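Asker: Throughout the sequence shown, residue numbering follows my numbering, covering 26 to 156 in sequence.
Where a beta carbon is used, it is the ideal one built from N, C-alpha and C, also for glycine.
As the structure is a prediction and not an experimental result, all values here were calculated from the model.
I'd like to ask some things about the structure below.
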Amino acid sequence: MEKVINSYETMFIVDPTNGEDAIKATVNKFTGLISSNAELVEVNEWGKRRLAYPINDLNEGYYVVATFKAEAGVPVELDRNYNIDENIMRSMIVKLDFEAVKHETPAVEETAEEAPVAEATEEAPATETAE
């Protein structure tokens with residue numbers, strides 16, 4: 026029987042009060058967990074953001090969004106691990122309707138010919154006439 030691979034996106038908010046080292050360790054823990062059980066497509070660390078409402082008397086959290094491809098059992102195990110870890114304030118896993126692909130931004134290269142040239146022009150001062 027063929028394994029069904031679905032695309033998922035997860036967002037989790039890390040408690041920032043424990044310091045930068047704890048944030049990096051938590052992010053690495055969960056991205057490592059995802060990459061060991063699934064194909065990690067993309068990870069976007071949004072950084073510290075203000076929360077819409079206070080969670081555990083905190084107004085800020087460290088946001089991370091990850092896109093991955095996995096079998097149906099992986100998000101269940103990932104959600105269980107989110108609930109166990111005390112550094113995770115909130116989490117969400119969503120099944121995508123489309124296949125996840127890595128978004129690459131094209132490199133923008135400007136040559137001297139394409140670069141806009143600012144030209145200094147002098148215009149005669151406008152004279153106003155009183156009527």
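If you draw a straight line from the alpha carbon of Phe37 to that of Ile113, how long is it in whole angstroms?
Answerer: Looking at the two C-alpha atoms, the distance is approximately 7 Å.
Asker: So what's Glu67 in DSSP terms, helix, strand or just coil?
Answerer: strand
Asker: Cβ of Ala91 versus every heavy atom of the ligand COA: is any distance shorter than 7 Å?
Answerer: As presented, the structure is devoid of all ligands, the ligand COA included, so that no description of it is given.
Asker: For the alpha helix (DSSP H) that contains Thr51, what are its first and last residues?
Answerer: 45–62
Asker: Using only CA atoms, which one of Lys94, Phe123, Asp122 lies nearest to Ser61?
Answerer: Cα-wise, what sits closest to Ser61 is Lys94.
Asker: Look at the alpha carbon of Glu5 and the alpha carbon of Ser32, and state the distance between them as a whole number of angstroms.
Answerer: A query on residue 5 cannot be resolved here, the shown segment of the chain reaching from 26 to 156 and no further.
Asker: Out of curiosity, what's the CA-to-CA distance linking Pro79 and Thr42?
Answerer: In a straight line, the C-alpha of Pro79 is about 14 Å away from that of Thr42.
Asker: Excluding the five sequence neighbours on either side, which residues of its own chain have a C-beta within less than 7 Å of the C-beta of Ile118, listed in chain order?
Answerer: Tyr33, Thr35, Pro100, Leu103, Asp104
Asker: Are there 16 or more other CB atoms within 10 angstroms of the CB of Asp40, so buried, or fewer, so exposed?
Answerer: Asp40 comes out buried.
Asker: Can you look up Glu135 in the DSSP assignment and give me helix, strand or coil?
Answerer: Legend: pLDDT at Glu135 = 48, less than 50; position of this residue unreliable, value from coordinates given subsequently. Looking at Glu135 - three-state DSSP - the assignment turns out to be coil, as it is neither helix nor strand.
Asker: Starting from the Cα of Glu67, find the closest Cα among Leu58, Ile30, Ala91 and give me that residue.
Answerer: Ala91
Asker: Report the three-state DSSP secondary structure of Asn112 (helix, strand or coil).
Answerer: coil
Asker: Taking the C-alpha atoms as reference points, what is the distance between Ala77 and Leu121?
Answerer: 24 Å
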